[in-house]
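**Student:**
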Amino acid sequence: MADHPIQGLMQTAMENIKEMVDVNTIVGDPVQTPDGSVIMPISKVGFGFVAGGSDIRFDQQNQNHKQPNDAHTASVSLPFGGGSGGGVSITPIAFLVVGTQGVRIVPLDNQTHLMERVIDSAPKVFDKIQSLFKREDDMILEDDSNLQINRPEGTYI
């Protein structure tokens with residue numbers, strides 16, 4: 012059984028999309044800086060694909076009753092009409108930086124990455140809170156050592 016013309020149309024379109032997009036197109040090439048860090052772009056990729064077609068069938072019984080403006084009985088030299096289209100959208104969203112200080116992500120849109128900044132700064136905040144509590148404890152111990160309690164003998168605290 013012969014393939015329907017829409018299959019050939021879709022196959023051609025899909026092969027062309029495969030040729031357009033590969034890993035290097037999406038991610039890009041890593042860039043090495045003079046200090047030894049490697050920077051790689053991170054992108055958001057979107058695909059769209061559509062295909063359609065129509066078989067135009069002729070009714071032999073109605074051939075002699077054909078009206079010139081009737082779209083269903085129009086005389087066309089090709090029995091199939093179709094088309095396809097596709098598109099790819101690549102949007103850079105961040106950079107991955109691998110260096111001597113570790114791995115980090117540098118977002119391109121600072122407004123949408125508030126939670127990432129909060130998470131990155133959380134260890135520093137915890138360290139500051141711990142140092143405040145430690146300082147308070149040290150001050151209380153110092154005050155207690157200078158404190159003299161006068162109590163009558165035989166009483167317990």
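All residue numbers for the sequence shown refer to my numbering, where the first residue is 12 and numbers rise by one. Just so you know, even glycine gets a beta-carbon here, dropped at the ideal spot from N, CA and C.
1) Any heavy atom of the ligand ADP closer than 7 Å to the Cβ of Ile104?
2) Under the DSSP definition of a beta bridge, which residues are partnered with Lys55?
3) Report the option in Arg115, Ile17, Ser100 and Val129 whose CA atom is closest to the CA atom of Ile28.
4) Met21 to Gly97, Cα distance in whole Å?
5) If distances are taken between C-alpha atoms only, which option among Met150, Lys135, Ala24 and Asp46 comes closest to Gly63?
6) May I ask you to report which of helix, strand or coil DSSP gives Arg146?
7) Does DSSP put Asp138 in a helix, a strand or coil?
8) For Phe58, tell me which candidate among Pro52, Phe91 and Thr102 has the shortest Cα-Cα distance.
9) Cutting at 8 Å between CB atoms, please list the residues of its own chain near Pro41, excluding the five before and the five after it.
10) Which residue wins for smallest C-alpha separation from Val221, given the options Ser95, Pro90 and Gly39?
11) Could you tell me the boundaries of the alpha helix (DSSP H) in which Ile17 lies?
12) In the DSSP assignment, find the beta strand (DSSP E) that holds Pro118 and state where it starts and stops.
**Tutor:** Once the coordinates are examined:
1) The ligand ADP is absent from the structure shown, which contains no ligands of any kind.
2) Thr102
3) When C-alpha distances from Ile28 are compared across Arg115, Ile17, Ser100 and Val129, the shortest belongs to Ser100.
4) 10 Å
5) Residue Ala24 is the option with its Cα nearest to Gly63.
6) helix
7) Helix.
8) Thr102
9) Closer than 8 Å at Cβ, skipping near neighbours: Val49, Ile50 and Met51.
10) The shown model of the chain, from 12 to 168, leaves out residue 221, and the question about it has no answer.
11) Pro16 to Met31
12) Gly113 to Pro118
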